[in-house]
Structures are given as structure tokens and as C-alpha cells.
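Shown next, in C-alpha cells, is the structure this report addresses.
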Amino acid sequence: MLKKSGTAVNSSLSLMTKGFFILRAILNWMFKHEKLASPIDNLANIGGNMKDLKVMIAALLAEHIPTDVMTEQEISELVEYPKNVEMGDYAFPCFKLAKAYRKSPKIIAEEISELIKDHNMFTEVTPIAGFINFKINAGALAEIVIPTVLKEKEHYGSSDMGQNKKIIVEYSSVNIAKPFHMGHIRSTMIGESLHRIYDFLGYDTVAINHLGDYGTQFGKLIVAYKKWGSEEAIKANPIPELLSIYVKFHQEAEEHPELEDEARAWFTKLENKDEEAVRLWTLFRDMSLVSFNRVYGKLGVTFDSYAGESFYSDKMPVILSELRSKNLLQKSEGAEIVDLEPYGMPPALITKKDGSSLYMTRDLAAAKYRKDTYDFDKNIYVVGSAQRLHFQQWFKVVELMGYEWAKDCVHVDFGMVALEEGSLSTRKGNVVFLEDVLDKATEKTLEIINEKNPDLENKETVAQQVGIGAVVFQELYTSRIKDYAFSWSKTLSFEGETGPYVQYTHARACSVLRKVGEFDENQIDYSVLSDDASKEVIKSLYKFNEVVVLAQKNNEPHTVARYAVEIAQNFNRFYHDNAIIVDDETTKNARLALVKAVEIALRNVLKLVCLEAPEKM
RNA sequence: GCAUCCUUAGCUCAAUUGGAUAGAGUACCGGACUUCGAAUCCGUUGGUUGUGGGUUCGAGUCCCACAGGAUGCACCA
Numbered sequence: 017m018l019k020k021s022g023t024a025v026n027s028s029l030s031l032m033t034k035g036f037f038i039l040r041a042i043l044n045w046m047f048k049h050e051k052l053a054s055p056i057d058n059l060a061n062i063g064g065n066m067k068d069l070k071v072m073i074a075a076l077l078a079e080h081i082p083t084d085v086m087t088e089q090e091i092s093e094l095v096e097y098p099k100n101v102e103m104g105d106y107a108f109p110c111f112k113l114a115k116a117y118r119k120s121p122k123i124i125a126e127e128i129s130e131l132i133k134d135h136n137m138f139t140e141v142t143p144i145a146g147f148i149n150f151k152i153n154a155g156a157l158a159e160i161v162i163p164t165v166l167k168e169k170e171h172y173g174s175s176d177m178g179q180n181k182k183i184i185v186e187y188s189s190v191n192i193a194k195p196f197h198m199g200h201i202r203s204t205m206i207g208e209s210l211h212r213i214y215d216f217l218g219y220d221t222v223a224i225n226h227l228g229d230y231g232t233q234f235g236k237l238i239v240a241y242k243k244w245g246s247e248e249a250i251k252a253n254p255i256p257e258l259l260s261i262y263v264k265f266h267q268e269a270e271e272h273p274e275l276e277d278e279a280r281a282w283f284t285k286l287e288n289k290d291e292e293a294v295r296l297w298t299l300f301r302d303m304s305l306v307s308f309n310r311v312y313g314k315l316g317v318t319f320d321s322y323a324g325e326s327f328y329s330d331k332m333p334v335i336l337s338e339l340r341s342k343n344l345l346q347k348s349e350g351a352e353i354v355d356l357e358p359y360g361m362p363p364a365l366i367t368k369k370d371g372s373s374l375y376m377t378r379d380l381a382a383a384k385y386r387k388d389t390y391d392f393d394k395n396i397y398v399v400g401s402a403q404r405l406h407f408q409q410w411f412k413v414v415e416l417m418g419y420e421w422a423k424d425c426v427h428v429d430f431g432m433v434a435l436e437e438g439s440l441s442t443r444k445g446n447v448v449f450l451e452d453v454l455d456k457a458t459e460k461t462l463e464i465i466n467e468k469n470p471d472l473e474n475k476e477t478v479a480q481q482v483g484i485g486a487v488v489f490q491e492l493y494t495s496r497i498k499d500y501a502f503s504w505s506k507t508l509s510f511e512g513e514t515g516p517y518v519q520y521t522h523a524r525a526c527s528v529l530r531k532v533g534e535f536d537e538n539q540i541d542y543s544v545l546s547d548d549a550s551k552e553v554i555k556s557l558y559k560f561n562e563v564v565v566l567a568q569k570n571n572e573p574h575t576v577a578r579y580a581v582e583i584a585q586n587f588n589r590f591y592h593d594n595a596i597i598v599d600d601e602t603t604k605n606a607r608l609a610l611v612k613a614v615e616i617a618l619r620n621v622l623k624l625v626c627l628e629a630p631e632k633m
């Protein structure tokens, strides 16, 4: 018999694989002992795990495909969703079987379909051009999915796959005393969303804001403050005031270069824990954090730690001596480097000529500290793609230091945000402040509410939830890696594939449920839900966990954001095609159950992309 | 110069990680509110997936070359 040669056994997914085999074993046992009336009842016992239908189809196919031709897991990995719904809900391509069977995929598909077509799990099993297409029984699927959603509520879609695994996510990492601008939204929101996704999957997460709170610029700030600043002004308006004295410093320093020396001296004092220097630095840091936290509050972003550059300032000598004792450092042009030429990379610069440390040294010290402190399973950095080489370099240095956890460090990179007029840069004054964007979006939302729903209570709160939701959702709706140009008109649009669209759909579902009040969730005839529109909604709901796991695997929140729109679109179509509040109790209750399940799923999915789910808007 | 990433409908973006006829939104045009929320829904139009090769049953996806754009490459972070 033919064996697949050179197929690597996937060892990294041992947990998932184990789960797979356990599940498989249970299924086999149950089938053999006829404990179950149908495979679908079997699913109901398993709960809301999205992978199960694929697994079941694979199990069914495996009964007719010898293991030495293709293992059940290989089959399972090939099961997919057809491009076109008309063809079916699941599909299996038979092309890889052709060699072993010495038959055309078309004929294989036909033969296998014939063997399994009477299965009560499907309404149709059709061979088309080498694919076996499965149409699932919508009512039966609803009977599994909807009660699961109603029962699991805010946990629906979650899992415990990350149990006892520690994940560090570093994101946002803004600079003290500098404006929080539109360019910072990416790291901040991608990071926060990943934070929530990992949490939802049962991981133990630590969210770190690696503040830019150290360096010679603080010497400059101290000098500027002593000459032109005041505590009152800074407390009243921290960032603009700090920025303005910082800018003034640079202007004055052009004519009076001695200011630079003064600044260096003050930074040295700061490093030596001079009382006044530390007091001022603390003031700048605390005041900056007050205004940053206002923005984080609006965005719903939270951190477990703000340990930034200053925190690691005393942890670098240890790393340096470790690099030295491991013979990794070389002198080069007066500086100290780690040679990475064998790995096709430019040298990693570790110390300057004057012996002081650099960015790279800090990241090394921070990573080591985090491993020692948290013993992470994965250490994620949500930082722009401009720093790709930097991360590759120091990950390699960690590896050369002999730490096996180098492989657990991940750079989650993303493209640049530009303005339509050019790049976003504080120095050029080419800045859009993030908070201005959030406020403007809120303002516009309030106008829309006043127009559409003037009697709404808590208008301001809702306007903030929806307006900011629009900005955040837009940010998370596309894949990370691409650059994009910030555009007011796009940011302030609330129709189509937007956050407000999803929120509106949620509010609409709430509205129906509010109108009806209580209904009996336990006596429901799910066969009512076998029309096409209902079926698509149920299928979307069923996918929840699979989508979240995919997002986690790729560290791509946009997978979840797009899923939110998918549920909303399917629900709106259902809503339009079907009257929900009808006289016939059976129909009404079944549809209400669906509405309630959608409401729960939308609330959960919105939370993962950091959006609120207002009940009215 | 070297390296990495990006290029899909007029515009903004997807595409189950190599599967079937490449999909949405937006814009344009045309329909649907005395009835559960019209921030909604339905329909029409829109494509040589930057170009040229290769790999294979099968390529937007993998490989090579080229073009355009972005980013990085020694003392900033």
C-alpha cells in the first residue's frame, strides 16, 4: 500500500492532537456501543467545540478510507467550507486519494458519497467534480448550537486550551511626555484585542505597557522645566505643556549648545538617583500617565504592568556581564557588538563607545527578567514592522546565550499609519491626536443619535461607545501587516462593515427580546429553523471557537472582527426574511431562541475586539 | 548597495493558510418602512489577483526574475 512519504508529524500541537484522539476515541466507543441515537446527539454532549463537525465528518470518511492511505487526522485537516453555499456546508476534496486508489478524484468522490449518503447528520451528500459536499441538517445543528449558547452565555466560544499557560503581551508602549497620537492606536488595540483573545481561551495573560520613560530626553525636560515650566501648568495640561517646554528646549539649544551639556548632566543625576531629578522625573511620568490613562479608559485598554525602560535601567549590567562571560561580545569601532553575520544579519549593537547601553540591551534585560519573573510560555511584542530586524537580532542573541525560550518570543508586527499628507511624525508637527479622533467620532455619533433616536437615555455614554467603537473596529478590521493612510471620512463612517453596524445589530436583537420579555427556552422545536437564512445564522454561531482559535494562532484580531460582521450580516438577513414575533408560539419561540443566541454571541465577539455592546443606540 | 514586507473590482479590504465559478463593503444606479429598530435589507454594474516564467491533479496563496511602493541596515528608542 502507498504510504505518504516525507509527511512531517506535527509534534508542536501535542495538546490539540491529544484532545483530538480522546474525542475520537469517545466517538468510536459511542458509535460501537450505540449509546447514541445519532452522531448529532453525540455532539450535544461534547458542547460548543467548533471543531467537532469536521472531526465527525473525518471519522465518517475514515471508515471508508484505509489508514495507510490517509490517516483520520489528515482527513480532518482537509475538510473545509465550500466556496459557494449552494454546494454544501462542508466539503472534502478527494484529489490526494487519486494516486493510492488509481482512480480519478471524480469517481472516488462518487463512490464514497454513495457509501455515506444516508447518514442522518446530513440532508445531502453530493459528489461534485472530485469534492464530496455535505449539507448539514440545520434544525439538528440548531438543536446543538442554540442551547449551548444560551447555557454558556458570556463563555460561549471560549475554551480552556490555554490552561496553565502564561502569555505576555507587550503593547502600546507610549513615550512619556509625548503625545498619544493616531500612530499609537495599532499597537494599543491589536495588543488589547490579543490580550482579550488569549484570556478568552483560558491563557493566563500579563499585559505590559513598556513605557518609554527613560533616556537623555528626560535630562532635557528637567532643564526645560527648571527654566520655563511650572508644576501647575503641567498638572493642568500635562502633555501639551511638557511638549511645549521640550520644543522650546530644542529651539533654545540651537543658540545655546551648553543646554545640551546641562541636560546630559541632569540625566546622569537621574541615573544616580539624585533627589530632585527623581522628583521631577516622577512628576513628568505620573502626569503623563494621568492623560494616557484617560485615553486608555476611553478605549477600554488595561495593563497589568507599566514596567518600562526606567524599570530595566539597573538590570542591564547583569546582561552585559553574562554576554561577556559567554564570549558573545566583540569590540568593533569602539562599540560592543554580537556578530550575527553567520545568520545573515548585521551585527547587534549592545553598547555605545562610551559604554552606555542601547535599546537592544534593554530588550534583552527585559526578556530575561520576564522569563525569570513570569516563566512565560509565550512572550509577545506588538510592535511595528519597522523594528523587524531589531527583534530578529535580539531573539537570535537570546538563542546564542543558550536560552531555549528564544523560540517563545514572538514579534507581532504591523504596518505603518500615515496621514494622507504624509507620514505621521511628532517632529514634523504632522500629528493627529488619538483623543481628538475619539472625541470627534463621539461627537458625530451624538449627532446621529439626536437625529435617529432623540429620546435615548444615556446619550453621551452610548455616543462614546459607538463612536469610539467605530474607530477601534476599523483599526482591527484589516490584517496587521499592511500600511494604511488615516482618513477622517473612513474613520467616521458608520455604515456597512463597521463597528456601529455590529453594535446596531446587537441593539436590534436586544430590542426584539425586550419587546417579548420572557419565553420558554426549554421547549423549542428547532426544526422551525431550517430555512436558508436561519441556517446561515446557526452556522455562523457554530464557528465561534474555531474563529477565535484561528485568530490566536495567527495573532490576528481581524479574523474575529470579520467574524463579528459575518454574524451580523447573517442575522440581519434572517431578521428581514422572517417575522419573529408571530402568533404561532412554536415558530415564535424557536426564532426568539435564535435571536437570543445571536445577542449573546455578538456581545462576546464585540468584547474580543474591545467594543461595548449597548442595548439601545 | 544589501535585506525584509506589500501590490487583488473606481476606492477600502477579504479569501478557511495549496482547492471548486476570487468574495464583502463603499461609490454609482434601481427597489423595500401604517407591521419585531432603514446605522437595515434586496437587486444591477464592476476582475488578465502588478508583469513574465516555474512547481502540480489544482496557484491570489509556494519558487525564480522583473517593476512599483514601504521599511530597515552602528552608537535614537
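Just add 16 to the spot in the first sequence (first one is 1) and you have our numbering. We treat Cβ as the ideally placed atom computed from N, Cα and C, and that holds for glycine.
- A contact is defined here as three or more CB-CB pairs under 8 Å, and the region 575–592 meets this definition with respect to the region 542–556.
- The beta carbon of Phe319 lies closer than 6 Å to those of Ala223, Asn225 in the same chain, with the five residues before and after it left out.
- Taking one beta carbon from each stretch, the region 258–277 and the region 207–218 have fewer than 3 pairs nearer than 8 Å; the two do not touch.
- Rounded to whole angstroms, the gap between the alpha carbons of Gly400 and Ala580 is 25 Å.
- Short of 7 Å from the beta carbon of Val611, and not among the five residues preceding or following it, lie these beta carbons of its own chain, in chain order: Ala525, Val528, Leu529, Ile596.
- For Pro516, the number of other beta carbons within 10 angstroms of its own is at least 16, and it is reported as buried.
- In this structure, Phe502 lies near Val448, with their beta-carbon atoms less than 9 Å apart.
- Looking at the DSSP output, Val222 shares a beta bridge with Ile184.
- Partner residues in the beta bridge of Asn149, as assigned by DSSP, are Ala107, Thr142.
- Remark: C-beta atoms of Phe108 and Ile148 approach each other more closely than 9 Å.
- Taking C-beta atoms as the reference points, Arg295 and Ile192 fail to come closer than 9 Å.
- Secondary structure within the region 474–501: the alpha helix (DSSP H) runs of 4 or more consecutive residues, fully enclosed, are 475–492 (chain order).
- Closest in C-alpha terms to Leu365, from the list Glu349, Glu159, Tyr359, comes Glu349.
- In this structure, Tyr390 and Lys181 do not form a Cβ contact; the two beta carbons are roughly 11 Å apart against a cut-off of 8 Å.
- Check the Cα spacing between Trp421 and each of Val71, Lys394, Phe430: the tightest is with Lys394.
- For the set Asp600, Pro273, Phe196, the Cα lying nearest the Cα of Asp541 is the one of Asp600.
- Taking 9 Å as the cut-off, the beta carbon of His80 is found no closer than this to the beta carbon of Ile123.
- For Ser92, the enclosing alpha helix (DSSP H) stretches over residues 88–94.
- Taking the Cα positions, Glu451 is about 31 Å away from Val563.
- Rounded to the nearest whole angstrom, the CA to CA distance from Lys242 to Ser326 is 22 Å.
- For Lys251, no beta strand (DSSP E) segment is defined; the enclosing uninterrupted segment is the alpha helix (DSSP H) at 247–252.
- Cβ contact annotation for Gly104 (same chain, cutoff 6 Å, sequence separation greater than five): Pro98, Asn149, Phe150, Lys151, in chain order.
- In this structure Gln568 is in contact with Tyr214, their Cβ atoms being roughly 6 Å apart against a cut-off of 8 Å.
- Proximity to Val95 across Leu76, Ser373, Glu102 peaks at Leu76, based on C-alpha coordinates.
- Val433 is bridged by DSSP to Tyr500.
- Taken atom to atom, the span from the alpha-carbon of Leu374 to that of Gln490 is near 35 Å.
- In its chain, beyond the 5 residues on either side, Val161, Ile162, Val165, Ile583, Ala613, Val614, Ala617 have a beta carbon closer than 8 Å to the beta carbon of Leu557.
- From the listed residues Thr477, Lys460, His200, Arg378, the smallest Cα separation to Ser505 is found for Lys460.
- The continuous stretches of alpha helix (DSSP H) do not include Glu352, which lies in the beta strand (DSSP E) extending over residues 351–354.
- Beta-bridge pairing by DSSP links Tyr397 to Glu186, His427.
- Note that the C-beta distance between Thr284 and Met332 is not below 9 Å.
- Between the alpha carbons of Thr204 and Tyr187 lies a gap of roughly 6 Å.
- One Cα belongs to Lys251, the other to Glu270, and the distance between them is close to 28 Å.
- Looking at the backbone, the Cα of Ile73 and that of Ser92 are separated by about 7 Å.
- Of the residues Ser321, Ile353, Gly324, Ala323, the one whose Cα lies closest to the Cα of Leu336 is Ile353.
- Cα atoms of Thr221 and Ile184: separation of roughly 6 Å, rounded to the nearest angstrom.
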